[in-house]
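First up is the structure itself, then whatever we jot down about it.
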Amino acid sequence: MMKSLIVSSTDQGTWDIHIIKKEIPKPSKNECLVRVKAAALNRRDYWISVGKYPGIKSGVTLGSDACGVVVEGDDKWVGKEVWINPNQNWGENPEFQSGQYTILGTPKDGTLAEYLSVPTDRLKEKPAHLTSVEAAAFPLAALTAYRAVFTKGQVKSGDKVLVTGIGGGVAQFAMAFAKNLGARVSVSSSSDWKLEKAKNSGADFGFNYKHENWLVKASAEAGKFDVIIDSAGGNALNSYLKIIKSGGKIVMYGSTTGKPEHLDAFRLFWSQASILGSTMGNDDEFQRMTEFVARQQIKPTLDKVYKPDQMVEAVKSMKSSDNYGKKVIQFLD
Ligand SMILES: NC(=O)c1ccc[n+]([C@@H]2O[C@H](COP(=O)([O-])OP(=O)(O)OC[C@H]3O[C@@H](n4cnc5c(N)ncnc54)[C@H](OP(=O)(O)O)[C@@H]3O)[C@@H](O)[C@H]2O)c1
Numbered sequence: 594m595m596k597s598l599i600v601s602s603t604d605q606g607t608w609d610i611h612i613i614k615k616e617i618p619k620p621s622k623n624e625c626l627v628r629v630k631a632a633a634l635n636r637r638d639y640w641i642s643v644g645k646y647p648g649i650k651s652g653v654t655l656g657s658d659a660c661g662v663v664v665e666g667d668d669k670w671v672g673k674e675v676w677i678n679p680n681q682n683w684g685e686n687p688e689f690q691s692g693q694y695t696i697l698g699t700p701k702d703g704t705l706a707e708y709l710s711v712p713t714d715r716l717k718e719k720p721a722h723l724t725s726v727e728a729a730a731f732p733l734a735a736l737t738a739y740r741a742v743f744t745k746g747q748v749k750s751g752d753k754v755l756v757t758g759i760g761g762g763v764a765q766f767a768m769a770f771a772k773n774l775g776a777r778v779s780v781s782s783s784s785d786w787k788l789e790k791a792k793n794s795g796a797d798f799g800f801n802y803k804h805e806n807w808l809v810k811a812s813a814e815a816g817k818f819d820v821i822i823d824s825a826g827g828n829a830l831n832s833y834l835k836i837i838k839s840g841g842k843i844v845m846y847g848s849t850t851g852k853p854e855h856l857d858a859f860r861l862f863w864s865q866a867s868i869l870g871s872t873m874g875n876d877d878e879f880q881r882m883t884e885f886v887a888r889q890q891i892k893p894t895l896d897k898v899y900k901p902d903q904m905v906e907a908v909k910s911m912k913s914s915d916n917y918g919k920k921v922i923q924f925l926d
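FYI, in the numbering used here the residues of the sequence shown are 594 to 926.
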């Protein structure tokens, strides 16, 4: 039996999460069994825990990210330390995911358990410069940031880039990747302490989006942006249209604050700007992200490391968004 964090429906028609003992899965023909060393949380796990995600199934183990050791399956992989591509069935078209696409950890069992069985073609060797706790922080968030920065934003050296909500796990990787490409990176946040931390790790400018005049400050200090990478959505989209350069790109991979009430269509067409949607990344991008991280020796920002018995507390703590980087559960030393 193994410890596992599951979501289940309540008698009141809501959803909640619990740690239970589950059977260790038996890998089928094209699968490998991975002993999880560390697993990271994503906002997706929080959305699922409160019932705000499509396709939630009672009894399913949460979690999309893990680093572990292969203990059963293909001989070529047994004994290797791996991280796992959370994409399932992206499909043939690199531009967008297929109708069959899912992400590890809903509707299929995910990584917040002591063991996990996954298709062998989802495994990649862990980059050698990372510990297992550090490696667990990468897959979903770094893949999302990779597509947003490289494929959609096409960020290049010298570009002025704004990454919003720098406390977020994806935002942290977006900043690290854009800096690595030689961009001038500004960040925004709800908290001055997060802005200070970001500046200490390389951000060129920081703006508190809770301050009324942050757009004026951003234009005055950083100038207009070639690329804005955002997951807040909502009415902030119209603010971004005021600080995007003519012909610039606004890449949106989330909508934490919901839908915008209106769109400033005039600024959009007059600025010749593009608003680009981005979700996760295809398998080729996962491979390129893995190579890039290994080559450039990129490290994650860890918010907090939890013990397996603290999994419920860790997911619930995401409600406040007071994180700075990734929350990781460490199963093994
Ligand atoms: N499409 C995809 O493939 C994909 C993949 C991953 C995540 N997402 C979505 O992207 C969002 C972030 O995910 P995550 O896992 O990185 O989250 P996370 O680590 O939980 O971080 C959430 C961060 O969002 C920021 N935030 C909250 N309200 C904001 C606002 N009004 N404006 C700007 N930033 C705001 C906060 O940063 P500050 O306190 O610094 O402001 C907070 O630290 C979520 O909505 C998630 O569902 C989408």
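C-beta: ideal position from N, C-alpha, C; glycine also.
- prompt: What is the chain-ordered set of residues for which the beta carbon lies under 5 angstroms from any non-hydrogen atom of ligand 1?
  reply: For ligand 1, the selected residues are ASN635, ARG636, THR737, THR757, GLY758, ILE759, GLY760, GLY761, GLY762, VAL763, SER782, SER783, LYS787, SER824, ALA825, TYR846, GLY847, THR849, THR850, THR872, MET873 and SER914.
query: With distances taken from CA atoms, which of TRP807, SER710 and ALA811 is nearest LYS753?
result: Taking the sequence shown and counting its residues from 1, the one referred to as residue 753 is at position 160. Residue nearest to LYS753 within the set TRP807, SER710 and ALA811 is ALA811 (criterion: CA-CA distance).
task: Would you kindly check if the distance between the Cβ of ALA730 and the Cβ of ALA633 is under 8 angstroms?
output: The residue given as residue 633 occupies position 40 in the sequence shown. The residue given as residue 730 occupies position 137 in the sequence shown. A contact, by the Cβ cut-off of 8 angstroms.
message: On the CB-based measure, 16 or more other CB atoms within 10 Å of its CB, does GLU854 come out buried or exposed?
response: The count along the sequence shown starts at 1 and reaches residue 854 at position 261. Counting of Cβ neighbours within 10 angstroms places GLU854 among the exposed residues, the total staying below 16.
task: Would you mind working out which of LEU697, THR724, PRO720 and ALA721 sits nearest PRO712, comparing C-alpha positions?
output: In the sequence shown, counting from the first residue as 1, residue 712 sits at position 119. Nearest of LEU697, THR724, PRO720 and ALA721 to PRO712, Cα basis: LEU697.
query: Where does the unbroken beta strand (DSSP E) through LEU788 begin, and where does it stop?
result: On the sequence shown, residue 788 is found 195 positions in, with the first residue counted as 1. Counted as a single uninterrupted DSSP element, the stretch harbouring LEU788 is not any beta strand (DSSP E) but the alpha helix (DSSP H) occupying residues 785 to 793.
Every unbroken beta strand (DSSP E) within the segment 728 to 775, with a cutoff of 3 residues, ordered by chain: Counting whole runs of 3 or more residues, the segment 728 to 775 contains the beta strand (DSSP E) stretches 753 to 756.
- prompt: Would you call THR607 buried or exposed, if buried means 16 or more other Cβ atoms sit within 10 Å of its Cβ?
  reply: Translated into positions along the sequence shown, residue 607 becomes position 14. Burial call: exposed.
- prompt: Among ALA858, GLY826, ASP819 and THR850, which one has its Cα closest to the Cα of SER839?
  reply: Translated into positions along the sequence shown, residue 839 becomes position 246. Among ALA858, GLY826, ASP819 and THR850, the Cα nearest to that of SER839 belongs to ASP819.
message: Considering only DSSP beta bridges, list what HIS611 is partnered with.
response: On the sequence shown, residue 611 is found 18 positions in, with the first residue counted as 1. Answer is ILE599.
- prompt: To which residues of the same chain is ASN875 closer than 6 angstroms at the C-beta, ignoring the five residues directly before and after it?
  reply: The residue given as residue 875 occupies position 282 in the sequence shown. Setting aside the 5 residues that flank it on each side, ASN875 is surrounded in the same chain by TRP683 and PRO687, each with a C-beta closer than 6 angstroms to its C-beta; the list follows chain order.
- request: Just tell me which of PRO893, THR849, TRP863 and ILE836 has its CA closest to the CA of ALA728.
  value: What you label residue 728 is simply residue 135 of the sequence shown in a count that begins at 1. Among PRO893, THR849, TRP863 and ILE836, the Cα nearest to that of ALA728 is on PRO893.
- request: Using the Cα positions of GLU665 and ARG636, report the straight-line distance between them to the nearest angstrom.
  value: Mapped onto the sequence shown, residue 665 falls at position 72. Mapped onto the sequence shown, residue 636 falls at position 43. Near 30 angstroms, if we compare the C-alpha coordinates of ARG636 and GLU665.
- prompt: Under 8 angstroms between the Cβ atoms of GLY656 and LEU716?
  reply: In the sequence shown, the residue the question calls residue 656 occupies position 63. In the sequence shown, the residue the question calls residue 716 occupies position 123. Contact: no.
query: Can you give the Cα-Cα distance for GLU674 and GLY746, rounded to whole angstroms?
result: On the sequence shown, position 81 is the one that residue 674 refers to. On the sequence shown, position 153 is the one that residue 746 refers to. In a straight line, the C-alpha of GLU674 is about 32 angstroms away from that of GLY746.
field: Burial state of VAL844 (16 or more Cβ within 10 Å)
entry: Within the sequence shown, residue 844 is the residue found at index 251, counting from 1. VAL844 is buried by the Cβ-count criterion.
task: Find out if the Cβ-Cβ distance for the pair TYR639, VAL908 is shorter than 8 angstroms.
output: Within the sequence shown, the letter at position 46 stands for residue 639. Within the sequence shown, the letter at position 315 stands for residue 908. Taking the C-beta atoms as reference points, VAL908 is found nearer than 8 angstroms to TYR639.
Inside the segment 635 to 711 only - alpha helix (DSSP H) runs reaching at least 4 residues: Counting whole runs of 4 or more residues, the segment 635 to 711 contains the alpha helix (DSSP H) stretches 636 to 642.
field: Residue nearest to PHE743 in terms of C-alpha spacing, selected from LYS897, LEU869 and VAL600
entry: Stepping through the sequence shown from its first residue, residue 743 is reached at position 150. Of LYS897, LEU869 and VAL600, the residue nearest in Cα terms is LEU869.
query: What's the C-alpha gap between ASP700 and GLY661?
result: As a first step, residue 700 must be located in the sequence shown, where it is residue number 107. As a first step, residue 661 must be located in the sequence shown, where it is residue number 68. Reading the sequence as shown, one finds Pro at residue 700 and not Asp. Spanning the two alpha carbons is a distance of roughly 21 angstroms.
- prompt: Which of the three DSSP states, helix, strand or coil, is assigned to PHE859?
  reply: Your numbering for residue 859 matches position 266 in the sequence shown. Of the three classes helix, strand and coil, the one that applies to PHE859 here is helix, per DSSP.
field: N-terminal and C-terminal residue of the alpha helix (DSSP H) that ILE836 is part of
entry: Residue 836 sits at position 243 when you count from the first residue of the sequence shown. Run containing ILE836: 829 to 836, per the alpha helix (DSSP H) assignment.
message: Taking the straight line between their C-alpha atoms, what separation do you get for TYR899 and GLN923?
response: Indexing the sequence shown from 1 puts residue 899 at position 306. Indexing the sequence shown from 1 puts residue 923 at position 330. The C-alpha of TYR899 lies about 6 angstroms from the C-alpha of GLN923.
message: Classify ASP877: buried if its beta carbon has 16 or more other beta carbons within 10 angstroms, exposed otherwise.
response: Position 284 of the sequence shown, counting from 1, holds the residue named residue 877. By the Cβ-count criterion, ASP877 is exposed, with fewer than 16 other Cβ atoms from all chains shown falling within 10 Å of its own Cβ.
- request: Could you tell me which residues DSSP puts in a beta bridge with SER779?
  value: Mapped onto the sequence shown, residue 779 falls at position 186. LEU755 and PHE798, per the DSSP bridge assignment.
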